[in-house]
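Our numbering numbers the first residue of the sequence shown as 2 and each following residue consecutively. For every residue, glycine included, the Cβ atom is placed at its ideal position computed from N, Cα and C. Quick caveat: nothing in here was measured; it's all calculated off a predicted structure. Contents: one structure, followed by commentary.
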Amino acid sequence: MLEKEPPRWFVRRIIRHKYVLKVRTQDNESPIITAPMPLLPIPKSYAGASLLADILIDKYVNHLPFYRQIQMFR
(Lines of atoms letter the chains of each structure in order from A and count residues from 1; the text may use other names and numbers.)
(Lines give C-alpha, C1' and ligand atoms only; values in the text may rest on other atoms or scores of the structure.)
Protein backbone atom coordinates (compact mmCIF):
# COMPACT_ATOMS: atom_id res chain seq x y z
CA MET A 1 0.00 0.00 0.00
CA LEU A 2 1.48 3.33 -1.07
CA GLU A 3 0.53 6.40 0.94
CA LYS A 4 1.73 9.95 1.26
CA GLU A 5 1.54 12.41 4.13
CA PRO A 6 1.40 16.15 3.52
CA PRO A 7 4.63 17.99 4.28
CA ARG A 8 5.16 19.22 7.80
CA TRP A 9 6.43 22.78 8.24
CA PHE A 10 8.37 23.79 11.33
CA VAL A 11 10.67 26.53 12.56
CA ARG A 12 14.09 25.30 13.59
CA ARG A 13 15.37 27.43 16.44
CA ILE A 14 19.10 27.91 16.83
CA ILE A 15 19.99 28.37 20.49
CA ARG A 16 23.43 29.77 21.18
CA HIS A 17 24.45 29.97 24.82
CA LYS A 18 26.61 32.81 26.11
CA TYR A 19 29.37 32.16 28.61
CA VAL A 20 31.39 34.60 30.68
CA LEU A 21 35.02 33.72 31.32
CA LYS A 22 36.18 34.12 34.90
CA VAL A 23 39.50 35.50 33.68
CA ARG A 24 39.69 39.29 33.69
CA THR A 25 41.28 41.20 30.82
CA GLN A 26 43.54 44.23 31.16
CA ASP A 27 40.58 46.62 31.21
CA ASN A 28 39.05 44.60 34.11
CA GLU A 29 36.19 43.08 32.08
CA SER A 30 35.18 39.46 31.68
CA PRO A 31 34.98 38.42 28.01
CA ILE A 32 31.70 36.93 26.79
CA ILE A 33 32.01 33.84 24.60
CA THR A 34 29.24 32.87 22.16
CA ALA A 35 29.24 29.97 19.71
CA PRO A 36 29.35 31.03 16.05
CA MET A 37 26.22 30.82 13.92
CA PRO A 38 25.97 27.71 11.73
CA LEU A 39 26.53 28.26 8.03
CA LEU A 40 23.36 29.11 6.14
CA PRO A 41 22.70 28.31 2.46
CA ILE A 42 21.85 31.97 1.81
CA PRO A 43 23.36 34.46 4.29
CA LYS A 44 20.81 36.53 6.29
CA SER A 45 17.93 34.40 5.00
CA TYR A 46 15.23 32.49 6.87
CA ALA A 47 15.13 29.69 4.28
CA GLY A 48 16.70 26.42 5.33
CA ALA A 49 18.41 23.91 3.08
CA SER A 50 15.40 21.58 2.89
CA LEU A 51 13.04 24.41 1.86
CA LEU A 52 15.45 25.59 -0.85
CA ALA A 53 15.85 22.02 -2.10
CA ASP A 54 12.06 21.62 -2.36
CA ILE A 55 11.72 24.90 -4.28
CA LEU A 56 14.48 23.97 -6.73
CA ILE A 57 13.15 20.44 -7.27
CA ASP A 58 9.64 21.76 -7.92
CA LYS A 59 11.01 24.38 -10.33
CA TYR A 60 13.49 22.36 -12.38
CA VAL A 61 12.44 18.72 -11.99
CA ASN A 62 8.66 19.03 -11.71
CA HIS A 63 8.51 22.12 -14.00
CA LEU A 64 6.30 23.98 -11.52
CA PRO A 65 6.38 27.78 -11.95
CA PHE A 66 7.09 29.99 -8.95
CA TYR A 67 3.59 31.48 -8.85
CA ARG A 68 2.12 27.99 -8.41
CA GLN A 69 4.62 27.21 -5.68
CA ILE A 70 3.57 30.40 -3.89
CA GLN A 71 -0.07 29.31 -4.15
CA MET A 72 0.85 25.96 -2.59
CA PHE A 73 2.66 27.66 0.32
CA ARG A 74 -0.41 29.74 1.22
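Within its own chain, the residues whose Cβ lies closer than 8 angstroms to the Cβ of Ala50, once the five positions on either side in sequence are excluded, are Pro42, listed in chain order. Going by DSSP, Tyr47 is part of no beta strand (DSSP E) at all; its letter is neither H nor E. Checking the DSSP bridge columns, you'll see Lys19 partnered with Thr35. Between Gln70 and Ile56, the C-beta spacing is below 8 angstroms. The alpha carbon of Leu52 has as its nearest neighbour, out of Glu4, Pro44 and Phe11, the alpha carbon of Phe11.
Annotation for Gln70: the continuous alpha helix (DSSP H) segment containing it runs Phe67 to Phe74.
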